[in-house]
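Structure record follows, encoded as C-alpha coordinates.
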Amino acid sequence: MKKLVFSAFIAFWASIATIFALQALATDQREKPTGTSRISPDDLAAHSTEKDCWIAVEGKVYDITAYVPSHPVPPAVLLAWCGKDATKGMRTKGYGRDHSPAAWGMLDAYLVGELVE
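Under the numbering used here, the first residue of the sequence shown carries the number 2, and numbering increases by one thereafter.
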(Lines of atoms letter the chains of each structure in order from A; the text may use other names.)
(Lines give C-alpha, C1' and ligand atoms only; values in the text may rest on other atoms or scores of the structure.)
Protein backbone atom coordinates (compact mmCIF):
# COMPACT_ATOMS: atom_id res chain seq x y z
CA MET A 2 0.00 0.00 0.00
CA LYS A 3 2.84 2.40 0.85
CA LYS A 4 4.42 1.80 -2.57
CA LEU A 5 1.14 2.62 -4.29
CA VAL A 6 0.70 5.88 -2.34
CA PHE A 7 4.32 6.84 -2.93
CA SER A 8 3.99 6.10 -6.67
CA ALA A 9 0.82 8.21 -6.88
CA PHE A 10 2.55 11.05 -5.02
CA ILE A 11 5.52 10.99 -7.41
CA ALA A 12 3.24 10.77 -10.47
CA PHE A 13 1.21 13.76 -9.26
CA TRP A 14 4.22 16.01 -8.77
CA ALA A 15 5.80 14.83 -12.01
CA SER A 16 2.60 15.85 -13.80
CA ILE A 17 2.65 19.27 -12.14
CA ALA A 18 6.29 19.78 -13.11
CA THR A 19 5.51 18.77 -16.70
CA ILE A 20 2.64 21.26 -16.92
CA PHE A 21 4.87 24.09 -15.68
CA ALA A 22 7.65 23.11 -18.07
CA LEU A 23 5.27 23.05 -21.05
CA GLN A 24 3.78 26.39 -20.04
CA ALA A 25 7.24 27.94 -19.83
CA LEU A 26 8.15 26.58 -23.26
CA ALA A 27 4.88 27.73 -24.84
CA THR A 28 5.09 31.30 -23.52
CA ASP A 29 6.00 33.80 -26.23
CA GLN A 30 9.31 35.23 -25.05
CA ARG A 31 9.62 37.96 -27.70
CA GLU A 32 9.19 41.52 -26.59
CA LYS A 33 5.73 42.83 -27.35
CA PRO A 34 5.69 46.02 -29.40
CA THR A 35 3.77 48.91 -27.92
CA GLY A 36 1.81 49.50 -31.10
CA THR A 37 2.39 53.24 -30.95
CA SER A 38 4.48 53.43 -34.12
CA ARG A 39 2.95 55.36 -36.99
CA ILE A 40 3.41 53.43 -40.22
CA SER A 41 2.87 54.85 -43.67
CA PRO A 42 1.47 52.83 -46.59
CA ASP A 43 4.97 52.92 -48.14
CA ASP A 44 6.49 51.49 -44.96
CA LEU A 45 3.83 48.78 -44.93
CA ALA A 46 4.50 47.93 -48.58
CA ALA A 47 8.20 47.43 -47.77
CA HIS A 48 7.25 44.38 -45.68
CA SER A 49 5.72 42.21 -48.39
CA THR A 50 7.67 38.96 -48.38
CA GLU A 51 7.37 35.61 -46.67
CA LYS A 52 10.35 36.43 -44.47
CA ASP A 53 9.00 39.89 -43.59
CA CYS A 54 5.21 40.01 -43.74
CA TRP A 55 3.26 42.95 -42.33
CA ILE A 56 -0.44 43.46 -42.87
CA ALA A 57 -2.84 46.27 -42.03
CA VAL A 58 -6.25 45.44 -40.58
CA GLU A 59 -8.72 48.16 -39.74
CA GLY A 60 -6.03 50.81 -39.46
CA LYS A 61 -3.57 48.81 -37.36
CA VAL A 62 -0.39 47.17 -38.64
CA TYR A 63 0.70 43.68 -37.64
CA ASP A 64 3.94 41.79 -38.23
CA ILE A 65 2.61 38.28 -38.90
CA THR A 66 5.89 36.87 -40.23
CA ALA A 67 6.16 34.34 -37.40
CA TYR A 68 2.52 33.32 -37.77
CA VAL A 69 2.46 32.61 -41.52
CA PRO A 70 3.74 29.00 -41.23
CA SER A 71 1.19 28.28 -38.45
CA HIS A 72 -1.87 29.55 -40.32
CA PRO A 73 -4.35 26.74 -41.08
CA VAL A 74 -4.35 27.39 -44.84
CA PRO A 75 -1.34 27.31 -47.16
CA PRO A 76 1.07 30.25 -46.70
CA ALA A 77 0.27 31.54 -50.20
CA VAL A 78 -3.13 32.68 -48.94
CA LEU A 79 -1.56 35.00 -46.37
CA LEU A 80 1.37 36.00 -48.55
CA ALA A 81 -1.03 37.63 -51.01
CA TRP A 82 -1.86 40.16 -48.26
CA CYS A 83 1.71 40.92 -47.11
CA GLY A 84 2.50 44.62 -47.34
CA LYS A 85 -1.17 45.49 -47.90
CA ASP A 86 -4.42 46.27 -46.14
CA ALA A 87 -5.81 42.84 -45.27
CA THR A 88 -9.06 43.98 -43.66
CA LYS A 89 -11.08 42.41 -46.48
CA GLY A 90 -9.26 39.11 -46.00
CA MET A 91 -9.98 39.12 -42.26
CA ARG A 92 -13.61 40.05 -42.79
CA THR A 93 -14.39 37.63 -45.63
CA LYS A 94 -11.79 34.84 -45.49
CA GLY A 95 -12.04 35.09 -49.27
CA TYR A 96 -15.51 33.60 -49.38
CA GLY A 97 -17.73 35.84 -47.25
CA ARG A 98 -17.23 34.56 -43.69
CA ASP A 99 -15.57 36.62 -40.98
CA HIS A 100 -12.68 35.18 -38.97
CA SER A 101 -13.54 33.95 -35.48
CA PRO A 102 -13.22 36.16 -32.39
CA ALA A 103 -10.24 34.00 -31.40
CA ALA A 104 -8.48 34.81 -34.69
CA TRP A 105 -9.16 38.52 -34.19
CA GLY A 106 -7.75 38.27 -30.67
CA MET A 107 -4.57 36.63 -31.92
CA LEU A 108 -3.70 39.74 -33.90
CA ASP A 109 -2.91 41.69 -30.72
CA ALA A 110 0.28 39.69 -30.19
CA TYR A 111 1.60 40.89 -33.57
CA LEU A 112 0.72 44.60 -33.36
CA VAL A 113 3.51 46.94 -34.50
CA GLY A 114 1.69 50.20 -34.99
CA GLU A 115 -0.98 52.30 -36.59
CA LEU A 116 -1.42 52.89 -40.32
CA VAL A 117 -1.36 56.57 -41.21
CA GLU A 118 -2.15 58.17 -44.54
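Yeah, the Cβ is synthetic: ideal placement off N, Cα and C, and Gly gets one too. Given the structure is predicted, the values throughout are model-derived calculations rather than measurements.
Exercise for the section: Indicate whether the contact test is met: 3 or more Cβ pairs, each with one atom in the stretch 85–101 and one in the stretch 43–62, closer than 8 Å. Expected result: yes
Practice task
Give me the Cα-Cα distance between Y68 and G97, rounded to the nearest whole angstrom.
Solution key: 22 Å
Exercise for the section: Taking only runs that begin and end inside the stretch 26–84, name each unbroken beta strand (DSSP E) of 3 or more residues, in chain order. Expected result: 38–40, 53–58, 61–64
Practice task
Could you give the DSSP three-state label for V117: helix, strand or coil?
Solution key: coil
Problem - Given L108 as reference, the closest of H72, E118, V78 once Cα atoms are compared - result: H72
Practice task
Go ahead and label V74 buried or exposed: buried means 16 or more other beta carbons lie within 10 angstroms of its beta carbon, across all protein chains shown.
Solution key: exposed
Practice task
Within its chain, find whatever has a CB closer than 7 Å to the CB of E51; leave out the 5 residues flanking it on each side and keep chain order.
Solution key: V69, P76, L80
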